[in-house]
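Protein chains in written order, with the numbering used here: chain L, 2 to 73; chain R, 221 to 812. Some notes on the structure that comes next.
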């Protein structure tokens, strides 16, 4: 989980104190399509996983990310 | 130090680097515009990250053009990149733009070729127009890939595919080969050495219209950054100091004699031949060569004079420091005689001891250790990043000639009674002209390379300089010089900015090869007197750096006085009637 947090904070430019619970594309201005692409690169590289197109299209919130990567 | 060999990052590390860098560098000194027939966001981030790391002294920005609008952007890129760009990169694939025609042709429909040809013609016409009206560099990267939806075991498909590839290469290379500002590059040039991962990713194509895997994007970004760095940002080292034994030839000449050293077409000698060819090419492009070898002078000279396999000749080297002194002493002597700082030197040797001795004694010098494996020696200079720049001016290419002429001048100076006698004997002449299209590139080179005699050390890219000179009240001048021993080329630059009743010397610099001849006085005096009619006070600044000490006394020697209220500022109310450099004949070309 630590690795996921690191990727999310790095891509969305959030500091250590910023709460990730409840974070989603609609309440984070840095979370655009480019950020989603970077999240995918970061998650795949850090966790050595490969996400499917379906899974990527569901990456809309921090909770979605946790749910999808924990199922890999 | 900037060089084109940097530590490799993973795709995510590269994206992170770029995100942080972009945040801290909002306005780039050097800007790249990138556009294509597919999403270029990932590649542009990697390109930016690479370029920023290659060239830490410049801040870099990368702007993405609109998606799939490349034909429109080529015909009017200024509308797309309104804030201006120094370099343009176009990435495209035929299958993105004429996919159905491409598939039809590969499946046997000859009529489809007409549509493909029409598209290629429009594209090449646009490139042709581009290259004629704009001096910027555009790199077009493309290649036809075999689409997944055709049968790749069919002989007909494969032969039609080859036909199409050749047709595109032919059309594009015909258009771009003779143009110095447009390059046509195939994707495969980036990928042939990358076998260990998948370059393409169908998932990314489906999701983002980006055909590349994350490592594929990184590879393209890094490689395009290398091209941009080499053609626009890199500055080559000026002096290459070479050891002899086991460096430019194999073996130790003192032990095996001039015939016994390894050089030639057989065995390990072949690799030294290739290395000598590489060195020769650098010399032809303006790098000065010097020998520094712990040997008996006659032994070394004999190899050059009597071994007919040698590519390099004795006279290719401007200094032959063959002795038993510490190599750092030899290099310091060369640096002092050439008036070139050690920062512009590369020292190449096979011995760790010699490399360490030179590095610890001479601050700023760069060194290359010759690899133990002979086959690894060719290419060590090309791959070092110290000679990446493809930009060579006439002044660079003639550098060895200037140095030879300078040696003659020094021998004349030694025979004459006083420095004034020497200066008068040179029969110096300068020609001052405003910077124009023909001199812009050399002016940019002077701005970015001159360290020692440079009042303000302001660096500018060619685009920045061009823009600056187009502003009202900005006047840019260059001077060339020659004397009875030879031509120095363009060696000085001055930029003046007129602000109501004052004239500010924004940049004033002189190449180190022309120092100690009072040319700087004649140049500034000519420029200021050519501005007569402007009711002005002249202001100048000397901004000290670690290297520009030689320029410090100049302003006061010419007649400026220090402004007691503003640090580094000097004032001149009127150019003096007489100044140093009056012996120099001046030709001032008026702006036409």
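Note that beta-carbon positions come from the ideal geometry of N, C-alpha and C, so glycine has one too. All figures in this text were calculated on a predicted structure; none of them were measured in a lab.
TODO: With 9 Å as the threshold, decide whether the Cβ of residue 35(L) is near any Cβ in chain R.
DONE: Position 34 of the first chain holds residue 35(L). Yes, residue 35(L) lies at the interface with chain R (some Cβ there is under 9 Å from its Cβ).
Open item on the list: Can you find the residues in the same chain that come closer than 6 Å, C-beta to C-beta, to residue 251(R), ignoring five residues on each side of it along the sequence?
Closed with: As a first step, residue 251(R) is located in the second chain; it is residue number 31 there, counting from the start. In its chain, beyond the 5 residues on either side, 281, 305, 306 have a beta carbon closer than 6 Å to the beta carbon of residue 251(R).
Open item on the list: Give me the DSSP bridge partner(s) of residue 513(R).
Closed with: Mapped onto the second chain, residue 513(R) falls at position 293. Bridge partners of residue 513(R): 542(R).
Task: Contact the stretch 716 to 728 of chain R vs the stretch 746 to 766 of chain R: 3+ CB pairs below 8 Å - done: A contact is defined here as three or more CB-CB pairs under 8 Å, and the stretch 716 to 728 of chain R meets this definition with respect to the stretch 746 to 766 of chain R.
Task: Nearest residue (CA-CA) to residue 271(R), options 334(R), 394(R), 499(R), 448(R) - done: Your numbering for residue 271(R) matches position 51 in the second chain. That would be 448(R), whose Cα lies nearest to the Cα of residue 271(R).
Task: Cβ separation of residue 511(R) and residue 492(R), assumed to be a contact under 8 Å, to the nearest whole Å - done: By one-based count along the second chain, residue 511(R) stands at place 291. By one-based count along the second chain, residue 492(R) stands at place 272. Contact check for residue 511(R) and residue 492(R): beta-carbon distance about 15 Å, past the 8 Å limit, so the pair fails to qualify.
TODO: Mark residue 224(R) as exposed unless 16 or more other C-beta atoms lie within 10 angstroms of its C-beta, in which case mark it buried.
DONE: Here residue 224(R) refers to the residue found at position 4 of the second chain. The predicted model places residue 224(R) with a pLDDT of 43, which falls under 50 and marks its position as unreliable; any figure quoted below should be read in that light. Residue 224(R) counts as buried, since no fewer than 16 other beta carbons sit within 10 angstroms of its beta carbon.
Task: Simplified DSSP state of residue 26(L), which is helix, strand or coil - done: Position 25 of the first chain, counted from the first residue, corresponds to residue 26(L). Coil.
TODO: Check residue 73(L) in the structure and name its three-state DSSP category.
DONE: For the purposes of this step, residue 73(L) is taken as the residue at position 72 of the first chain. Coil at residue 73(L), not helix or strand.
Task: Buried/exposed call for residue 544(R), threshold 16 Cβ in 10 Å - done: Taking the second chain and counting its residues from 1, the one referred to as residue 544(R) is at position 324. The residue in question, residue 544(R), is exposed, as its Cβ has fewer than 16 Cβ neighbours within 10 Å.
Task: Proximal residues of chain R, C-beta to C-beta of residue 42(L) below 8 Å - done: Taking the first chain and counting its residues from 1, one reaches residue 42(L) at position 41. Within chain R, the residues placing a beta-carbon under 8 Å from that of residue 42(L) are 231, 232, 235, 262, 434, ordered along the chain.
- [ ] Using a cut-off of 8 Å between C-beta atoms, extract the partners of residue 428(R) located in chain L.
- [x] Here residue 428(R) refers to the residue found at position 208 of the second chain. Under the 8 Å cutoff, chain L gives 34, 38.
TODO: Could you spell out the range, first to last residue, of the beta strand (DSSP E) harbouring residue 566(R)?
DONE: Mapped onto the second chain, residue 566(R) falls at position 346. Unbroken beta strand (DSSP E) run through residue 566(R): 565 to 569.
Task: Close-in-space but distant-in-sequence residues of the same chain around residue 715(R) (CB under 6 Å, 5 per side omitted) - done: Your numbering for residue 715(R) matches position 495 in the second chain. Cβ within range, chain order: 696, 726, 727.
Open item on the list: Using beta carbons (cut-off 9 Å, strictly below), is residue 12(L) in contact with chain R?
Closed with: For the purposes of this step, residue 12(L) is taken as the residue at position 11 of the first chain. Closer than 9 Å to some Cβ of chain R, the Cβ of residue 12(L) qualifies, so yes.
- [ ] Could you spell out the range, first to last residue, of the beta strand (DSSP E) harbouring residue 609(R)?
- [x] In the second chain, the residue the question calls residue 609(R) occupies position 389. Looking at the DSSP string, residue 609(R) is not in any beta strand (DSSP E), and its letter there is neither H nor E.
TODO: Pull up the DSSP beta-bridge partners for residue 808(R), would you.
DONE: Taking the first residue of the second chain as 1, we reach residue 808(R) at position 588. Bridge partners of residue 808(R): 652(R).
Task: Euclidean distance between Cα positions of residue 488(R) and residue 508(R) - done: Residue 488(R) sits at position 268 when you count from the first residue of the second chain. Residue 508(R) sits at position 288 when you count from the first residue of the second chain. Distance between the alpha carbons of residue 488(R) and residue 508(R) is about 26 Å.
TODO: Look at the alpha carbon of residue 221(R) and the alpha carbon of residue 242(R), and state the distance between them as a whole number of angstroms.
DONE: Reading the second chain from its first residue, position 1 is the one you call residue 221(R). Reading the second chain from its first residue, position 22 is the one you call residue 242(R). Unreliable positioning characterises residue 221(R) in this predicted model, as indicated by a pLDDT of 39, which lies under 50. A coordinate reading is not provided.
Task: Span separating the alpha-carbon of residue 10(L) from that of residue 52(L) - done: Working through the first chain from its first residue, we reach residue 10(L) at position 9. Working through the first chain from its first residue, we reach residue 52(L) at position 51. Going from the Cα of residue 10(L) to the Cα of residue 52(L) covers about 19 Å.
- [ ] Quick one: give me the first and last residue of the beta strand (DSSP E) that residue 381(R) is part of.
- [x] For the purposes of this step, residue 381(R) is taken as residue 161 along the second chain, with counting starting at 1. In the DSSP assignment, residue 381(R) falls outside any beta strand (DSSP E) and within the unbroken alpha helix (DSSP H) covering 375 to 396.
- [ ] Determine the direct distance from the alpha carbon of residue 435(R) to that of residue 228(R), and round the result to whole angstroms.
- [x] Position 8 of the second chain, counting from 1, holds the residue named residue 228(R). Position 215 of the second chain, counting from 1, holds the residue named residue 435(R). So the two alpha carbons sit approximately 12 Å from each other.
Open item on the list: Among 621(R), 358(R), 467(R), whose alpha-carbon lies nearest the alpha-carbon of residue 733(R)?
Closed with: Counting from 1 along the second chain, the entry for residue 733(R) is found at position 513. Measuring from the Cα of residue 733(R), the nearest candidate turns out to be 621(R).
Open item on the list: Taking contact to mean 3 or more Cβ pairs, one atom from each stretch, closer than 8 Å, check whether the stretch 265 to 279 of chain R and the stretch 375 to 390 of chain R are in contact.
Closed with: By the Cβ criterion, the stretch 265 to 279 of chain R is not in contact with the stretch 375 to 390 of chain R, since fewer than three pairs of Cβ atoms, one from each stretch, lie closer than 8 Å.
TODO: Consult DSSP for residue 287(R) and reduce its assignment to one of helix, strand or coil.
DONE: Taking the second chain and counting its residues from 1, the one referred to as residue 287(R) is at position 67. Three-state DSSP puts residue 287(R) in coil, outside helix and strand.
Open item on the list: Tell me which residues of the stretch 441 to 465 of chain R have at least one Cβ-Cβ distance to chain L shorter than 9 Å, keeping chain order.
Closed with: Within the stretch 441 to 465 of chain R, no residue has its Cβ closer than 9 Å to any Cβ of chain L.
Open item on the list: Does any residue of chain L have a CB that is nearer than 9 Å to the CB of residue 243(R)?
Closed with: As a first step, residue 243(R) must be located in the second chain, where it is residue number 23. Residue 243(R) counts as touching chain L.
Open item on the list: Taking a contact to mean a Cβ-Cβ separation below 9 Å, would you say residue 322(R) touches residue 367(R) in this structure?
Closed with: Here residue 322(R) corresponds to residue number 102 of the second chain, with the count starting at 1. Here residue 367(R) corresponds to residue number 147 of the second chain, with the count starting at 1. Cβ atoms of residue 322(R) and residue 367(R): closer than 9 Å.
- [ ] Have a look at 338(R), 571(R), 407(R) and flag the residue whose alpha-carbon is nearest the alpha-carbon of residue 311(R).
- [x] Locating residue 311(R) in the second chain gives position 91, where the first residue counts as 1. For residue 311(R), the closest C-alpha among the options 338(R), 571(R), 407(R) is that of 407(R).
Open item on the list: Is the separation between the beta-carbon of residue 660(R) and that of residue 685(R) shorter than 9 Å?
Closed with: For the purposes of this step, residue 660(R) is identified with residue 440 of the second chain, where counting begins at 1. For the purposes of this step, residue 685(R) is identified with residue 465 of the second chain, where counting begins at 1. For residue 660(R) and residue 685(R), yes; Cβs fall inside 9 Å.
Open item on the list: With a threshold of 8 Å, are at least 3 pairs of Cβ atoms found where one atom belongs to the stretch 650 to 660 of chain R and the other to the stretch 671 to 679 of chain R?
Closed with: Touching, no.
Open item on the list: Which residue marks the beginning of the alpha helix (DSSP H) containing residue 730(R), and which one marks its end?
Closed with: Locating residue 730(R) in the second chain gives position 510, counting from the first residue. Secondary structure note for residue 730(R): it is in no alpha helix (DSSP H), and the uninterrupted beta strand (DSSP E) holding it is 722 to 730.
TODO: Taking only the alpha-carbon atoms, compute the straight-line gap between residue 812(R) and residue 586(R) and give it to the nearest angstrom.
DONE: Against the second chain, residue 812(R) aligns to sequence position 592. Against the second chain, residue 586(R) aligns to sequence position 366. Because the pLDDT at residue 812(R) is just 49, under 50, the model does not fix this residue reliably, and the value given afterwards should be weighed accordingly. If you draw a straight line from the Cα of residue 812(R) to the Cα of residue 586(R), it comes to about 45 Å.
- [ ] Mind checking which residues open and close the beta strand (DSSP E) that includes residue 12(L)?
- [x] Counting from 1 along the first chain, the entry for residue 12(L) is found at position 11. Taken as a continuous stretch (DSSP letters only), residue 12(L) belongs to no beta strand (DSSP E), being part of the alpha helix (DSSP H) at 3 to 13.
- [ ] With 9 Å as the threshold, decide whether the Cβ of residue 222(R) is near any Cβ in chain L.
- [x] Position 2 of the second chain, counted from the first residue, corresponds to residue 222(R). At residue 222(R) the pLDDT is 42, less than 50, meaning the model places this residue with poor confidence and gives no usable figure here.
Task: Proximity winner among 32(L), 5(L), 28(L), 27(L), relative to residue 14(L) (alpha-carbon distances) - done: Taking the first residue of the first chain as 1, we reach residue 14(L) at position 13. The shortest Cα separation from residue 14(L) among 32(L), 5(L), 28(L), 27(L) belongs to 32(L).
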